[in-house]
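Take the sequence shown: its letters are residues 60 to 187, numbered as in this note's numbering.
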Amino acid sequence: MTKVDLANIYRDYIACLNSQDWSKLGQFVDDEAIHNGRRIGLSGYREMLERDFEDIPDLYFDVRMLISDPPYIASRIAFDCRPRGRFLGLDVNGRRVSFAENVIYEFRGGKIVEVWSVIDKTAIEAQL
Numbered sequence: 060m061t062k063v064d065l066a067n068i069y070r071d072y073i074a075c076l077n078s079q080d081w082s083k084l085g086q087f088v089d090d091e092a093i094h095n096g097r098r099i100g101l102s103g104y105r106e107m108l109e110r111d112f113e114d115i116p117d118l119y120f121d122v123r124m125l126i127s128d129p130p131y132i133a134s135r136i137a138f139d140c141r142p143r144g145r146f147l148g149l150d151v152n153g154r155r156v157s158f159a160e161n162v163i164y165e166f167r168g169g170k171i172v173e174v175w176s177v178i179d180k181t182a183i184e185a186q187l
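Spelled out as structure tokens, the structure:
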């Protein structure tokens, strides 16, 4: 798979998330996917995302940086949203916060098999 092919798959994956088209998630995420060292599979991955959108109704993944080096994608995703209640252990309670997530994905067979994700919690704390 070329760098461009992998980057295009990733962009389609992000579009799937932003449209909350969960029926297509299996096109992008492996049945045995691992997230931050924990095997959650496709069903756990979907549950995680559904919960995220429930907790953050205006959630939108805005890719600001994308590096494709097959089989890996590195991405910096910006968020500007209003999480309900507690978010990352912080009492956000609907206040608008902006933060970034740095993520590395490993792909096999055109699907995400492993994800390493770090959210800039310090940025959120500074806004509260």
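We put the beta carbon where it would ideally sit given N, CA and C, even for glycine.
DSSP places PHE112 in the helix class (H, G or I) of the three-state scheme. Distances from the alpha-carbon of ILE178 to those of PRO142, VAL162, MET60, ASP80 put VAL162 closest. Secondary structure of ARG154 (DSSP, three-state): coil. Around LEU149, the same chain offers ILE183, GLU184, LEU187 as residues with beta carbons nearer than 7 Å, after the five sequence neighbours per side are excluded. Of all alpha-carbon atoms in ASN95, PHE158, GLU109, ARG98, the one lying nearest the alpha-carbon of VAL122 is that of PHE158. Using a 10 angstroms sphere on the CB of LEU76, the tally of other CB atoms reaches 16 or more, which defines it as buried.
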